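Encoded as structure tokens, the structure appears first; notes follow it.
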Amino acid sequence: MRDNLKNTVNRRQFTKAAGLTGALGVTGVAGCLGGGSDRGGDKFKFGVVTSLSGDLRFGGEVTRRGYDLWKKTINENGGIEVDGSSYEVELTYADAKSDPSTGADAASQMITSEKVDAVLGPYSSNVTLAVAPIMEKNQTPHISGSAESPRIWEEQYKHTFGTVPTVTLIARQAAEEILSLDPTAESVYVSGVNGPFSKATASAMRDAAENKGVEVLAYDLNPSDTDWTSVVSSAKSEDPDLHFHGGHIGSHVSLLKAADQLNYDPNGFFCHYGVNTSDFKDGLGGDASGTFGATVWLPSIERTGGKLFGSAADYAKAARDEFDQSPDYTQAASSAAGIVYQQALEELGAAPPLSDTEQSKLVSILEDIEVQTFYGDVTFDKEGDFYHNNTTTSPLPVQLQGDDDEAVVVGSSASASEANYPVSE
Amino acid sequence: MVSTELLSQSIINGLLLGGIYVTVGVGFALVFGVLEIIDFAVGEYVMLGAFTGAIVAPMVGGEGLLVVPLAFVAFFLVGVVIQPFIHHVTTGDRPMPLLMGLVFTFGLATFMRGSILTIFGPNTRNVPTNALSGGIEIGGLGTFPEVRVVTAVVGVLSLVAFMYYLYRTTGGTAIRAIAEDRDIARLMGVNINRYQSIAYGVYAGLTATGGVFIGLIYSAGPGMGLQYTAFAFFMIVLAGLGYLPGIIISGIVLGLAQSLTAVYLGGELVFFVLFGMIYVLLLVRPEGLLGKGEVA
Amino acid sequence: MSETLLQTDGLTKRFGALTANDEITLGVDRGEIRGLIGPNGSGKTTFFNSLTGFYTPDEGTVTFDGTDITGWESHRIAREGVGRTFQIAAPFGNMTVRQNMLAVQTPKSVDEHERAQEILEFLDIDHIADDDASGMSGGQKKLLGLGRVLMLDPECILLDEPTAGVNPALADRILEHLRELNDRGTTFMIIEHDMDVLKQIVDTVSVLDQGRHIVQGTFEEVSTDDRVREAYLGSADDDEVPV
Amino acid sequence: MGTENDLTVRDRFQALLGRDDAHLWLFGIGAVVLAVLPFALSTFWTRIALGALMWIGLAQSWNMIGGYAGYLDFGHGAYFGVGAFVTGIVMVELELPFVAGLLIAGVFCAVLAYVVGVPTLRLSGAYFAIATWAFAEAIKELALILEITGGTYGMTFPTGPGTSGIPLVGWPDEMFFYYLMMVLTLGTIALAYFLFEHSEFGFRVKAIRDHEDAAQSLGIDATKIKRRVYVISCVIAALFGGANAYYITFIHPNDVLAPIITDQMIIMALLGGLGTIGGPIIGGVLIFLLNRLSSLFLGNTTIYLPLIGLLIMVTVLFAPSGVIGILRGEVGREDVKQNLRELAEKFDIL
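And the structure:
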């Protein structure tokens, strides 16, 4: 709540609102003025297309925090250094409203009207799939700190990159680890929301179980706003050892509440995405403890690098200071997307604004980039099903534990904590 | 659990889900039947009620149930103030009053939803309760989630209270007179403005109360209202427009169809079956499931 | 020339327990003007509605010019040659008088613009042909209602209170038009409460009471008939007793 | 009263609107301006202009059934979505060019609208509104579970040279789509004008809307005419759906079949002015620009959402015949005062 109040209309927006009124009805005139093309050369300008309203506003909000924090921190550190001079970073936002059509217009606005140097990507695969072709056409670099849907990388867009490994990898690897916990699960019930990301998640969970030779009792997809008591009742009658669920935070909350109401109690729930967000914990109001999740990053994690933020813990502190909430991996990956640009621009060595050829060069640099950050090592695949997706950062299973439902790493990794398993209340 | 228990559990789930829809449908049926307002904001009253629960409950010891009377009173007052506006746009010499009311309340709904999103952000919020958690298991039948049972009971009770008010009290008689014929009611000395405002206030209060319970069952979020708006519409046409007790039947039908489809045909099909069913039912029985509604 | 044009046989229409039209058997001869009277609620408008396809009769038949038209859709009956007007003469909004006329589904062979102009001239409302129809006076609206029906070139017209609420001068004009049309061969059946009006124009009168057809005859015959007096006196509306 | 010189701008405007050939003049000038507009605009503003054109056309298509025929179609957006998916299926599965997809989508939706129209148009008022709404929701759910629509993964359209099937069009760009929308929209407006304002068919449609019984008694086959209006308006929505899908290149049931598509058409037609030619044009432009530009330019706040809500409420309160009513001078200071007085009277609740 606090961070939203902080975002009340500032002066710049106000000017834009005033300009907007003028633009109404006289598109032509506004078009000639170019609406915001008055950019100077003293800053790197990034366009941020993300969904602050509509169905996917949860995640949109998280990505915004990630991008904002990167901008704030880098500007406090003097900006991006190119050939001995420093250039501050400027972000300009457009709300894609979880709507591909609005997202596509926003992308075009960023490129032709705002004349940004590069774009930070939208939240949700539907919007990404509408934005990416525009990046292709305009040859503008585009990194998304949140795009986890495998569909995006299958399209092989040359100008689109993603810092979060696709969910096919995250959910599968975490699921396999959770299935290896002792006592080993013999059966699993897989449910999910019938949405592009969620369905990919649920099917990755199912694949993981089948790989491990665990019986999959059901693979049950539902509309996101369904009443989850039906799923819970079916699952309860199947009596699985574990329940896996692919969806967004809202559906996790509804599912777990329904499970609580119907006394459905498997050895553990594994939900992805978002158990490590305060949205999820607040939504369940203290009943989140014991839930398994997957992540590629945690505040407590050790990573090799520390560009801009010294460590994961430093980043988490900065995030808490700024937003009064613990960051999750989407936020971290969004900040990391900024750091990747930072590194790439330093390598490029060109002052803003970037020309078309410089933008193309930036894309080539991104293809080969290797950045060590608080978030982990970032590189992008150059071929295959995960083309331009960062598959380097390794996924981990987590569990919410302790009084304040802190997410801790569980499973087989060296730093893993003991899992509360089978989960006792 | 054996499969007969899954069946009985699914029926329980369906009936209780129907109970949730009843809490939303009751007030809506009243404003439609009596005030002839098709209120697009109905789901937003649910959302506002749930939000009130999420924000006020932590201040009153974390007990969402304590918010119920407050929500009723607060939204009763809100409704009383909003009604004259709706009344104004749906009367007079305006063309297509039905549509005017619809669009006005569409604007109202957008305003409510947008305000909450802007002020409180997109997060899902918990509406806490200590009194109602978990479910009561009844051997052989299944589990009755406490909070859902209470919600369904409240839904049915408010319907009964409504019926009592409408048919046994002076105020109710006045409201029914208005529904019959505004001009005659006015001639009879009924202050129609007052009673219409009261009726709308009661609707807003009741729907927000339903929202607190829905918040207890699920959670509160700024975008939650839309689906309840849709369900409220479907509830009243299946009930038969203007026929209040039909609300129970349509709640049961919608709840059971949803629950049984999810368990026996597949979760993906739930809304396809539900909306398809509503469409077909409307074509074959426009006068409602019981055939007691009025056909326009 | 006493050939029957419009004939109902045992026409019955029920609404739940109420029988609004009870086995009405009634024939209208070609070229006559028939009055249809009866106390309020005696089923006159229901009878019109059953005749013209707005209600599907529960029993009985309607025959027009030798064709059984029972249960036909109303627009087909209209095209067959039975026109009607409504008690409340509402022009179609957002349209001019002429456009109101052109909305009528005329037979394909007719030049509708020419015909509309002729009718408007005949009814003396051609000077407002291109004005907004909603701005007309009550009497003009009645004339427009009549004009629209004439677009169909019907053999038979059913009129529901053609002069109600119209100032006497204009009412006389309407009657004049009806007579003229009748002279040209149009058959009429008219629901009318104003007995003075009726007296001037009708050839014969049919009386309905409580859904039944009780008497038929000339105006004089009917107005002295005991059953008719009883029907009117028995009802609350004693002011409507024919004199 | 008054001589030529005393005329205010509004009077002149009204005089212009009142002229018989004014509409044709306006249409002609508008078409010319639109045709040269993209040469003055950047790519982004061309996109915005083509979006506005599309919504004008969509609002007008709803206005045909909703405004002229008086049937509150709450499921009109279903045809926008079905048109999008049929176009996509033809292009992806049958590998035919866009033009073929669009034509097949039009024909498919004509048949669908006819089949749906027969039983649904028997309902009226709120029943028709809710039935069509349920129908549209069912269609959306169906698209989410079908294999051929890509289900919940959605559908990506083929792009690049040769996919359009229109000679001389290489890689379809914003210019191409702008002119495509322009042709569709101007076509829709012209069709609406000749069909509803200048033909007996249109008079009959209005007659049915205003007094269905009277219309029937005048030989008008209301069922048939309503069905025709429904089919025409649905096919137009389908054509826009197909064109938009090819333009966006990625479609998903939750986007192209979203209820908000229908809601927007209704709001645009109503706020502009129902049952008029100009209304949906004005409403479409205003609402689209307000919506789209605010989300793009005020991108890090959602304050514009409640403001749009307020705007809708205020318009309904003070300008019930829509913006076109304001232009016609129906919302003077006196009217507003009168409105406020009447509103105040209704607060007599104690």
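Chains as they are written, first to last, in UniProt numbering: chain D, 1 to 425; chain H, 1 to 296; chain W, 1 to 243; chain L, 1 to 350. C-beta: ideal position from N, C-alpha, C; glycine also. All values reported here derive from a predicted model rather than from experimental measurement.
Between the Cα of residue i and the Cα atoms of the options, which residue gives the shortest distance?
i: ARG84(W); options: PHE122(W), LEU102(W), THR45(W); result: THR45(W)
i: VAL275(L); options: GLY322(L), GLU345(L), VAL92(L), ALA22(L); result: Rather than Val, the amino acid found at residue 275(L) in this sequence is Gly. Here the closest residue by C-alpha is GLY322(L).
i: GLN264(L); options: VAL46(H), LEU102(H), VAL22(H), PHE51(H); result: LEU102(H)
i: PRO133(D); options: LEU256(D), PHE269(D), ALA107(D); result: ALA107(D)
i: LEU343(L); options: TYR200(H), GLN83(H), GLY266(H), GLU137(H); result: GLN83(H)
i: ALA136(L); options: GLY165(L), ALA84(L), ALA258(L); result: ALA258(L)
i: GLY43(W); options: ILE37(W), THR218(W), ARG227(W), GLY211(W); result: GLY211(W)
i: GLU186(D); options: VAL340(D), MET205(D), ALA208(D), VAL216(D); result: VAL216(D)
i: ALA336(D); options: THR373(D), GLU358(D), GLU347(D), ALA316(D); result: THR373(D)
i: ARG292(L); options: SER164(L), TRP55(L), THR156(L); result: TRP55(L)
i: PHE64(W); options: VAL197(W), VAL228(W), THR187(W); result: THR187(W)
i: LEU169(D); options: SER53(D), SER413(D), ASN420(D), ASP385(D); result: ASP385(D)
i: TYR219(D); options: GLY266(H), ILE217(H), ASP183(H); result: GLY266(H)
i: GLY53(H); options: THR209(H), ARG176(H), MET96(H); result: THR209(H)
i: VAL197(W); options: GLY35(W), ILE24(W), LEU6(W); result: GLY35(W)
i: ALA78(L); options: TRP133(L), GLY117(L), GLY106(L), TYR71(L); result: TRP133(L)
Sort out for me which residues DSSP pairs residue i with in a bridge.
i: MET189(W); result: ARG34(W), LEU158(W)
i: residue 428(D); result: Here chain D has residues from 1 to 425 only, and residue 428(D) is not among them.
i: MET155(L); result: ILE251(L)
i: residue 429(D); result: The question about residue 429(D) has no answer here: the residues shown for chain D are numbered 1 through 425.
i: ARG212(W); result: ASP209(W)
Leaving out the 5 sequence neighbours to the left and right, which residues in its chain are closer than 7 Å to residue i when beta-carbon positions are compared?
i: ALA116(W); result: ARG98, MET101, LEU102, MET151
i: ALA52(L); result: GLY284, VAL285, PHE288, LEU289
i: ALA245(L); result: ALA84, THR87, GLY88, PHE157, ILE251, VAL256
i: TRP72(W); result: GLY53
i: ASN420(D); result: GLY290, GLN399, GLN401
i: VAL82(D); result: LEU345, GLU346, GLY349, ALA350, ALA351
i: PHE318(L); result: VAL331, VAL336, ASN339
Please return the same chain residues whose Cβ sits closer than 6 Å to the Cβ of residue i, not counting the five positions on each side in sequence.
i: GLU345(L); result: none
i: VAL193(D); result: SER224, GLY247, SER251
i: residue 308(H); result: This structure cannot settle anything about residue 308(H), because the visible part of chain H is limited to 1 through 296.
i: GLY22(D); result: Its pLDDT being 42, under 50, GLY22(D) is placed unreliably by the model, and the measurement read from it follows with that caveat. Excluding residues within five positions, none has a Cβ falling inside 6 Å.
i: ASP39(H); result: VAL31, THR105
i: LEU170(W); result: GLY139
What residues in its chain sit with their C-beta under 8 Å from that of residue i, if we drop five residues either side in the sequence?
i: MET175(L); result: PRO38, THR46
i: MET100(H); result: VAL89, THR90, ARG94
i: residue 252(W); result: Missing from the structure shown is residue 252(W); chain W here goes from 1 to 243 and no further.
Name, please, each residue of chain B whose Cβ falls closer than 9 Å to the Cβ of residue i.
i: LYS257(D); result: Here chain B cannot be found, since the structure's protein chains are D, H, W and L.
Selection of the segment 182-206 of chain L by Cβ proximity to chain W, strictly under 7 Å
GLU200, PHE203, ARG204, LYS206
Anything in the segment 203-233 of chain D with a Cβ closer than 8 Å to a Cβ of chain H? List those residues in chain order, please.
ASP220, LEU221, ASN222, PRO223, ASP225, THR226, ASP227, THR229, SER230, VAL231, SER233
Where in the segment 40-88 of chain D do unbroken runs of the beta strand (DSSP E), each at least 3 residues long, occur, reported from the N-terminal end onward?
43-50, 80-82
Which runs of the alpha helix (DSSP H) spanning at least 4 residues fall entirely within the segment 97-143 of chain W, listed in chain order?
97-102, 112-122
What residues from the segment 109-131 of chain H come within 8 Å of chain L, judged by C-beta to C-beta, listed N to C?
ALA109, THR110, PHE111, MET112, ARG113, GLY114, SER115, LEU117, THR118
Quick check on the DSSP output: what are the complete alpha helix (DSSP H) runs of length 4 or more inside the segment 83-127 of chain H, in order along the chain?
97-120
Selection of the segment 291-303 of chain L by Cβ proximity to chain H, strictly under 8 Å:
THR301, THR302, ILE303
The segment 109-129 of chain W: which residues have C-beta closer than 9 Å to a C-beta of chain L, in chain order?
GLU112
Residue ranges of each alpha helix (DSSP H) run of no fewer than 4 residues wholly in the segment 239-273 of chain H, ordered along the chain?
246-260
Short of 7 Å Cβ to Cβ, which residues in the segment 32-45 of chain L face chain D?
LEU37, ALA40, LEU41, SER42, THR43, PHE44, TRP45
Those runs of the alpha helix (DSSP H) which lie wholly inside the segment 346-392 of chain D and span at least 4 residues:
356-368
Every unbroken beta strand (DSSP E) within the segment 194-239 of chain D, with a cutoff of 3 residues, ordered by chain
215-222
Residue ranges of each alpha helix (DSSP H) run of no fewer than 4 residues wholly in the segment 156-237 of chain L, ordered along the chain?
174-192, 200-210, 212-217
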